[in-house]
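Numbering (my numbering), first residue to last: 5 to 319.
Note that the Cβ used here is the ideal one computed from N, Cα and C, for glycine as well.
Below is one structure; the comments refer to it alone.
In C-alpha cells:
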C-alpha cells in the first residue's frame, strides 16, 4: 500500500485552549503529533487567545474545506468548536483537558491524552443531539438558579479547579434563596414553581461526574428537565451524595422528565449557564432540542454512549 502524500492526507485542525483546567499540559502539540496516525492525517494547530476565538478559527477552516476539528480543552472549548459545525457534515473530536469535561465523560472519551488520541485515530463518527437556549447551542447542560449563580461566581473568581468550585458552592449555598419561575413544557399548560435550580440536560452530567440527569440519552431526540425544589440545609449532604452517585433522580427533592422544549420565565434578567459558561439573559428563556445535529468522534462501540448506565437497568 502506497503512503499518502502530505497533500493527500486528511487535515485535522486541533483547537487548543492553553488555560483550560488546572493540570500542567506540557507540550500538547508535540504529544498530539506523537500519537496521531500520521499515515492518514495531517495536523494543524490553533491556540486560542480569547473567548470566541475557537469558533472563528473553525469557521475560517470550514470555508477552506476542512471537515474534522478537535477541541483540546474543557466544555467551554468544546462548545465553541461544536457551535461552528452544527448542521454540517464536519466532525467534532474531543481531547478533554478541562476542569469538568462533562461531554467527554458522557461519551466515554478518556481524560488521558494518548487514549483520547486513539479514539481520534480509530473512533466512529456518530450523530448526537444538542440543545438551544435563546439561539445559543449547548451540548451538556444549561440552566438557571443556584448552579448558574455558582458558574457566574466561579468564572469571576479567577481561580480554577474542583476544590475551588466546591468552596464557592458551600459559601453561596448558605445564603442562596430559591426563586420563582413560570414554565411551559412542550407547548402544554403553564405552571408556577419555586426552585433551587432548573437544569435542562442533553448529557447526563455537569462534569466531574456530577450527574444531574442520570438517565439522559444524548441520541434520543430529547432533553432532560431536572428541577430541584427548595430544601433544608441538613438535606444538602444527601442531595450531594446522590448527585455524585448517579441517583439524584431518586431524591424526593428532584423532579425530572424527558422533553422536547421548555419556556422558562422569571421576574427579571439574570444569569444562565450553558456548558459551564455563565451569561446574563433576559426574563424569558426558550430551550429546545436539535435531534442528531452534531457529528462527533466517539469510541467505536456506539452502544457505550447510547446510555452510559444501561447496566443499572439490566435484570
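Listed in chain order, the non-local C-beta contacts of residue 89 below 8 Å within the same chain comprise 62, 66, 73, 95, 96, 298 and 299, local neighbours out to five positions each way being set aside. Counting only residues of its own chain and dropping the five nearest sequence neighbours on each side, residue 35 has a CB closer than 7 Å to the CB of 117.
Residue 98 has its alpha-carbon roughly 39 Å from the corresponding atom of residue 238. For residue 48, no alpha helix (DSSP H) segment is defined; the enclosing uninterrupted segment is the beta strand (DSSP E) at 45-51. If the five residues before and after residue 246 are omitted, its C-beta is found closer than 6 Å to the C-beta atoms of 252 and 255, all from its own chain and listed in chain order. For residue 18, the enclosing beta strand (DSSP E) begins and ends at 14-20. In the DSSP assignment, residue 142 falls within the unbroken beta strand (DSSP E) covering 140-142. Look at the beta carbons and you see the segment 127-143 not touching the segment 153-168: under three pairs across the two are nearer than 8 Å. Residues of the same chain with a CB within less than 8 Å of the CB of residue 20, apart from the 5 flanking positions on each side, are 32, 33, 49, 50, 51, 52, 76 and 77 in chain order. For residue 108, the closest of 144, 87, 128 and 92 by C-alpha to C-alpha distance is 144. By the Cβ neighbour-count rule, residue 110 is buried, with 16 or more other Cβ atoms within 10 Å of its own. Here residue 136 is bridged, per DSSP, to 141 and 292.
In the structure shown, residue 65 falls within a helical segment according to DSSP collapsed to helix, strand and coil. Put simply, the backbone Cα of residue 100 is about 8 Å away from that of residue 120. Out of 140, 179, 127 and 25, the CA that lies nearest to the CA of residue 150 is found in 179. Listed in chain order, the alpha helix (DSSP H) elements of length 4 or more contained wholly in the segment 137-216 are 150-161 and 166-177.
For the 8 Å CB-CB criterion, residue 248 and residue 213 form a contact. Pairing residue 200 with residue 233 gives a Cβ-Cβ distance under 8 Å. Distance from the CA of residue 186 to the CA of residue 287, rounded to the nearest whole angstrom, comes to 10 Å. In the DSSP assignment, residue 85 falls within the alpha helix (DSSP H) that extends over 79-89.
Residue pairing for residue 100: DSSP places it in a beta bridge opposite 77. Relative to the Cα of residue 228, the nearest Cα in the group 296, 147 and 260 belongs to 260.
For residue 263, same chain residues with a beta-carbon under 6 Å away, outside a window of 5 residues either side, are 189, 190, 227 and 229 in chain order. Just measuring C-alpha positions, the residue of 64, 244, 295 and 281 sitting nearest residue 80 is 281. Rounded to the nearest whole angstrom, the CA to CA distance from residue 37 to residue 122 is 12 Å. Between residue 271 and residue 184, the C-beta gap is smaller than 8 Å, which places the two residues in contact. The criterion of a C-beta distance shorter than 8 Å is not satisfied by residue 84 and residue 104.
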